[in-house]
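Asker:
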Amino acid sequence: MARIAPLSGFPEWLPDARIVEQHVLDTLRRTFELHGFAGIETRAVEPLEQLLSKGETSKEVYVLRRLQAEDDAPADRSGQLGLHFDLTVPLARYVLENAGRLAFPFKRYQIQKVWRGERPQDGRFREFTQADVDVVGAGDLPYHFEVELPLVMADALGRLAEVGLPPVRILVNNRKVAEGFYRGLGLTDVEEVLRQIDKLDKIGADAVGDLLQEQCGATADQARACLALAAISGADVGVIDAVRELAAVHGSGTDLLETGLAELGALIEAAAVRAPGVVVADLKIARGLDYYTGSVYETVLVGHEGLGSICSGGRYDTLASDGKNTYPGVGLSIGVSRLVSRIVAAGLVRATRSVPTAVLVAVVTEEDRAASDAVAAALRARGIPADVAPKAAKFGKQIQFADRRGIPFVWFPGDRAGSVKDIRSGDQVDADAATWEPPAADLWPRAVPAV
RNA sequence: GUGGCUAUAGCUCAGUUGGCAGAGCGCCUGGUUGUGGUCCAGGAGGUCGCCGGUUCAAGCCCGGUUAGCCACCCCA
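If you want the numbering used here, it's the 1-based position in the first sequence plus 322.
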């Protein structure tokens, strides 16, 4: 029995899954850079009061403590450090700290581990990688960025389709629409209404209707109106008209609602052109609407909706503030670990091999090992990943060594040149290590669709 | 933090009423004496999560504990 057990919630991939993850990370980074986002990395820790101030949410934060610290640790939080649980709080701090040296609007991407002391489950981890893109303005931030950001993510995730990622659907809503509508109805506890609406998929409309009346003081008619709003969804501007009609029926039109509808309409319209079929308005999206102030986004993998959102975000009017200046921001974050764990476990994406090696150079006898080393060196000098067999075993064993790792070619050194065998086809040809090249597709391991 | 389920070979899992610890896959060796995969034969591999209790006897029953999975909470 293994004396060491894996720690649940702290995922570690085997080498082939790591190749898939690395491809995802490379693709995200490249796409973010194509869209003009600059990369940064922030420290892993923030002062505890910083981490807990944002929205005062009861985030499960891992606190950092020195082993040699005195046992009678101070009860107060001052001076304590915690591991960051997202990349937004660090960004806000980073922006304030470097405001004088940054150019606004500041577009940045950031791909790092984050930690949350939650109970792990399928697709939910205590340590995981997030890939964030945000735009931060100084003083103001034009609405068009709320259109641009989800389209950046649509581009990034769309580029992963070629390795087998299922299509994604980015669901959008707008805090102003929800709040404007509820207030127009006469419901003032907007956050409580949102909390109940968020349960729709889990407990159904009838149960949510009851909760709206019990928890939010809604009348039966108000509850019905909220449910009717939440039922609206669609990928074209028809949803805007549908909300307007519903508001007219209930006399719940407000200026705030109109502002929100104009924003949501602009987003839907632009998305229909730039990423057809990907962005869908869904008026029941409520998560995060309590702290976001404008657009809010959630992303599901088509066919894997049960996994939850793989990419979420929204707009904060006050992402950061130093008292004199406020910095609004809009951004989204991809749960890379959640995404990778699913596409690997579900067998959607695989690596072409588990090691970088393209060519295994066989060793005839230990006395001849230098000749094999020379072949490998010649290949590496020309950018071809090569390894030398660990033992001068029978050639069958050496071929098997390559086969188990997915190494496509085995090189047999000869007196003058040598020969190289494609162990998938069995084809073997004489070759010179100074000139031979593998097919481009075999040079490095790649992520490919598994089916 | 709350609740339910689970824990047996490297992996996936059987194990009857309490009575000698099992299968498939994987791994090693040989058949094939320096060109793999298929096939055949053989082999290695176990603190039955841990601690205690009941019993002539516990993988199995009881208590505790730890870990894992799932759900709630929350969220990528």
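Cβ atoms here follow ideal geometry from the backbone N, Cα and C, with glycine treated the same way. Just so we're clear, the structure is a prediction, and the values are computed from it rather than from any experiment.
1. Tell me the rounded alpha-carbon separation between Glu378 and Ala680.
2. Express the C-alpha separation of Gly331 and Arg325 in angstroms, rounding to a whole number.
3. Which residue from Ser659, Cys548, Ala593, Gly740 puts its Cα closest to that of Val436?
4. Going by beta carbon distance, what residues of the same chain come within less than 6 angstroms of Ala414, once the five residues before and after it are set aside?
5. Run through the segment 368-451 for me and flag every whole alpha helix (DSSP H) of 4 or more residues, listed as ranges in chain order.
6. By how many angstroms is the C-alpha of Ser694 removed from the C-alpha of Val490?
7. Exposed or buried, what is Asn495 when buried is set at 16 or more other beta-carbons lying within 10 Å of its beta-carbon?
8. Given a cut-off of 8 angstroms, decide if Gly404 and Tyr384 are closer than it, judged by their beta-carbon atoms.
9. Rounded to the nearest angstrom, what separates Pro730 and Ile721 at their Cα positions?
10. Go through its chain and collect everything with a Cβ distance to Pro442's Cβ below 6 angstroms, but skip five positions before and after it.
11. Please confirm whether Leu471 and Val458 have their CB atoms less than 8 angstroms apart.
12. I'd like to confirm the pairing. Which residues does DSSP put opposite Thr648 in its beta bridges?
13. Please list the terminal residues of the continuous alpha helix (DSSP H) segment that includes Arg726.
14. Distance check for Tyr649 and Asp462, CA to CA, integer angstroms please.
15. If we call anything under 8 angstroms between Cβ atoms a contact, is His626 one with Arg566?
16. For Trp335, which residues of its own chain have a beta-carbon under 7 angstroms away from its beta-carbon, when the five flanking residues on both sides are left out?
17. In this structure, how does DSSP classify Pro760 when only helix, strand and coil are distinguished?
18. Taking Asp444 as the reference, give the member of Thr687, Ala667, Val773, Lys606 with the closest Cα.
19. Out of Val367, Ala366, Leu350, Glu368, which has the shortest C-alpha to C-alpha gap to Ala360?
20. Do Glu591 and Ile607 have their beta-carbon atoms positioned less than 8 angstroms apart in this structure?
21. Evaluate the contact criterion for the segment 499-509 versus the segment 574-582: three or more CB pairs, one atom per stretch, below 8 angstroms.
22. Near Arg609, what residues of its chain come up, given a Cβ to Cβ distance below 7 angstroms and the 5 sequence neighbours on each side ignored?
23. Locate the alpha helix (DSSP H) running through Phe359, then write down its first and last residues.
24. Can you give me the C-alpha to C-alpha distance between Thr687 and Leu347, rounded to a whole angstrom?
25. Count the other CB atoms, across all protein chains shown, that sit within 10 Å of the CB of Val515; report buried if there are 16 or more and exposed otherwise.
26. How would you call Glu820, buried or exposed, if buried means at least 16 neighbouring beta carbons within 10 angstroms?
27. What did DSSP end up calling Arg637 once you bin it into helix, strand or coil?
28. With a Cβ-Cβ cutoff of 8 angstroms, do Ile341 and Ala673 count as a contact?
29. Can you name, in chain order, every residue of its own chain whose Cβ lies under 7 angstroms from the Cβ of Gly599, other than the five neighbours on each side?
30. What does the alpha-carbon distance come out to for the pair Arg446 and Leu661?
31. Going by DSSP, which residues form a beta bridge with Ser655?
32. Between which two residues does the beta strand (DSSP E) carrying Phe731 extend?
33. Report, in whole angstroms, the separation of the C-beta atoms of Gly636 and Val618, which I expect to be a contact under 8 angstroms.
34. Under three-state DSSP, which class holds Phe582?
35. Roughly how many angstroms lie between the CA atoms of Gly748 and Tyr614, to the nearest whole one?
Answerer: Let me lay it out:
1. Bear in mind that the predicted position of Glu378 carries a pLDDT of just 46, short of 50, making it too unreliable to give a figure here.
2. Low confidence applies to Arg325: its pLDDT is 46, below 50, so where it sits in the model is not reliable, and the reading given next is rough at best. Taking the straight line joining both Cα atoms gives about 19 angstroms.
3. Ser659
4. Leu641, Ala642
5. 370-375, 410-419
6. 48 angstroms
7. buried
8. yes
9. 10 angstroms
10. Ser330, Gly331, Arg448
11. no
12. Ser643
13. 717-727
14. 7 angstroms
15. no
16. Glu343
17. coil
18. Ala667
19. Leu350
20. no
21. yes
22. Asp520, Glu620
23. Run containing Phe359: none; DSSP gives neither H nor E here.
24. 42 angstroms
25. buried
26. Lying before the first or after the last residue shown, residue 820 is absent from the chain, which here runs from 323 to 773.
27. strand
28. yes
29. Ala557
30. 10 angstroms
31. Asp454, Ser634
32. 731-735
33. 4 angstroms
34. Just to set this straight, residue 582 is Gly in the shown sequence, not Phe. Three-state result, Gly582: helix.
35. 59 angstroms
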